[in-house]
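Numbering follows UniProt numbering, with no gaps: position 103 of the first sequence is 103.
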Amino acid sequence: MPTPVLSPEAFQRRLLAWFDRHGRHDLPWQEERSPYRVWVSEIMLQQTQVATVIPYFERFMTRFPDVATLAEADQDDVLHLWTGLGYYARGRNLHKAAREIVERHAGELPLDLEALSALPGIGRSTAGAIIAQSSGRRAVILDGNVKRSLARLHAVEGWPGRTAVSRSLWALAEHYTPEERLVDYTQAMMDFGATLCRRGQPDCMACPFADVCVAHRRGEERRFPESKPRKALPTRTTRMLLLQDPEGRVLLEQRPSSGLWGGLWGLPQFDDIASLEAWLDSHAPDAELGRAWSPFIHVFSHFRLEITPQLAHCRGASAVDESRCWYDPGNPASIGLAAPVKSLLMALSPFSLEPPAS
DNA sequence: AAACCGGGGGC
DNA sequence: GCCCCAGGTTT
1 MPTPVLSPEA FQRRLLAWFD RHGRHDLPWQ EERSPYRVWV SEIMLQQTQV ATVIPYFERF
61 MTRFPDVATL AEADQDDVLH LWTGLGYYAR GRNLHKAARE IVERHAGELP LDLEALSALP
121 GIGRSTAGAI IAQSSGRRAV ILDGNVKRSL ARLHAVEGWP GRTAVSRSLW ALAEHYTPEE
181 RLVDYTQAMM DFGATLCRRG QPDCMACPFA DVCVAHRRGE ERRFPESKPR KALPTRTTRM
241 LLLQDPEGRV LLEQRPSSGL WGGLWGLPQF DDIASLEAWL DSHAPDAELG RAWSPFIHVF
301 SHFRLEITPQ LAHCRGASAV DESRCWYDPG NPASIGLAAP VKSLLMALSP FSLEPPAS
């Protein structure tokens, strides 16, 4: 664990003094603090800011006032009230967990870490928040706001997604967590990160920890927590078949409507030369392989595609259906083409003799 | 355009 | 057990 900047008692004293004056004390789930209300609010807050969540929370509680009502509801009803919040998997998990709570826990949220985190959609931090907020028992939280605050306060190096960094932050969170006033303490930690130790503009002038914050003393508060390392783009490889008929037309296929190049027209694509040849055997038995052009790279936001164009020639035009057509490079039809396919076809046109540059 | 986020899931 | 991703929004 990084060296704590304060004793737990000093940390709690400063934080709670700040919270009493500047924290949020009138959120809907702060009145009538049942485990159920805290749970639903925590799930909603995982994905959305407080101001947006409030009306959704109110509607949800009116329609599903308790675990049993939620468990009995149709999933569609639940997702209907979730509409606009996004991340529907979490709405589905909430519903599924309600049914498990009815079946396995007699309709009451189990207030221990292990049983809570076994429920779908509830992990270590959310389980801690539910326990602390609804029972006042000691439990540790580490959501995004807390991670950011602790990382700055101690200048914890590295991206919190890394196991070692996460372990350090959990250890610090554990170190500072008090035995008393857990409801206020956990709310204070979340509020502190959300409203003062913000990601973009931390309000260090108003911060009760400015004198001990390592990042602030170094003038580097914006550097923590470190962001996810930009990974070098992975490279995938593919072969694109340029099958030409005697008139020089090229066979195109329409791609599936979703996914990469969804709905656009492209060349038949294969992972390797063997599957390309197998495809030719069944679709154009008279075709003869021509030469392969040198590979070139097409860059996407999340990967690089190394494309090896493979020429082939056939005598007659083989079967064409709704998702196949013969494309004349000298007289191009107006159809949507994937960018690298377009440059390949232009390279085939009578006015160009060379494959595209890489 | 990129960062963000707790949990789930793949390996 | 480690790492990556989904899925919308915020910056």
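Cβ coordinates follow ideal geometry from the N, Cα and C atoms, glycine included.
The model shown is predicted, which means the values in this text are computed figures rather than measured ones.
Cβ-heavy atom distance, residue i to the ligand MN, below 6 Å
i, result
"Ala188", "Judged by which ligands are present, the structure shown has none, so any question about the ligand MN falls away."
Residues near residue i by beta carbon distance below 6 Å, same chain, minus five either side
i, result
"Arg315", "Asp286"
"Arg199", "none"
"Arg239", "Phe270, Leu276, Thr308, Gln310"
"Gln244", "Val250, His313"
Burial state of residue i (16 or more Cβ within 10 Å)
i, result
"Glu221", "buried"
"Asn145", "buried"
"Trp159", "exposed"
"Pro256", "exposed"
"Ala357", "Any answer about Ala357 is weak, because its pLDDT of 38 lies below 50 and its placement is not dependable; what the coordinates show is given next. Looking at its Cβ environment, which holds fewer than 16 other Cβ atoms inside 10 Å, Ala357 is exposed."
"Pro55", "exposed"
"Ser168", "buried"
"Gly91", "buried"
"His95", "buried"
Backbone secondary structure at residue i - three-state DSSP
i, result
"Leu353", "Reliability fails at Leu353, whose pLDDT of 44 lies under 50, so the model's placement of it is uncertain and no value is given."
"Ala71", "helix"
"His25", "coil"
"His175", "helix"
"Arg162", "coil"
"Arg37", "helix"
"Arg59", "helix"
"Gly290", "strand"
"Ser185", "Just to set this straight, residue 185 is Tyr in the shown sequence, not Ser. Helix."
"Gln46", "coil"
"Phe209", "coil"
"Val214", "helix"
DSSP beta-bridge partners of residue i
i, result
"Gln244", "Val250, His313"
"Leu305", "Arg236, His298"
"Trp326", "Leu251"
"Leu337", "Trp265"
"Phe224", "DSSP, once it has assigned bridges, lists no residue as partnering Phe224."
"Phe270", "Arg239"
Cutoff 8 Å; reference residue i; Cβ partners in own chain excluding five residues on either side
i, result
"Ala339", "His298"
"Arg324", "Leu251, Leu252, Glu253, Gln254"
"Ala115", "His105"
"Ala210", "Cys204, His216"
"Arg13", "none"
Residue closest to residue i, alpha-carbon to alpha-carbon, out of the options
i, options, result
"Met346", "Val183, Ser7, Val250", "Val250"
"Leu81", "Asp112, Ala106, Val40", "Val40"
"Leu6", "Leu150, Leu94, Thr186, Thr83", "Leu150"
"Leu182", "Asp245, Ala129, Trp261", "Ala129"
"Met61", "Trp29, Glu72, Gln49", "Trp29"
"Pro110", "Arg230, His216, Pro35", "Pro35"
"Arg217", "Glu226, Met205, Lys228, Ser227", "Met205"
"Pro246", "Ser318, Val212, Ser227", "Ser318"
"Phe224", "Ile43, Val165, Thr3", "Val165"
"Leu45", "Ala194, Val78, Arg152", "Ala194"
"Trp265", "Phe296, Leu337, Leu243, Leu242", "Leu337"
"Ser343", "Ala284, Asp281, Leu267", "Leu267"
"Lys228", "Glu100, Glu157, Val320", "Glu157"
Own chain partners of residue i with C-beta closer than 7 Å, once the 5 adjacent residues on each side are dropped
i, result
"residue 359", "Any property of residue 359 remains undetermined from this structure, which presents the chain solely from 1 to 358."
"Gly123", "Ser117"
"Pro8", "His175, Tyr176, Pro178"
"Arg291", "Leu311"
"Asp66", "Tyr36"
"Ala98", "Val67, Leu70, Ala71"
"Glu42", "Thr126, Ala129, Ile130"
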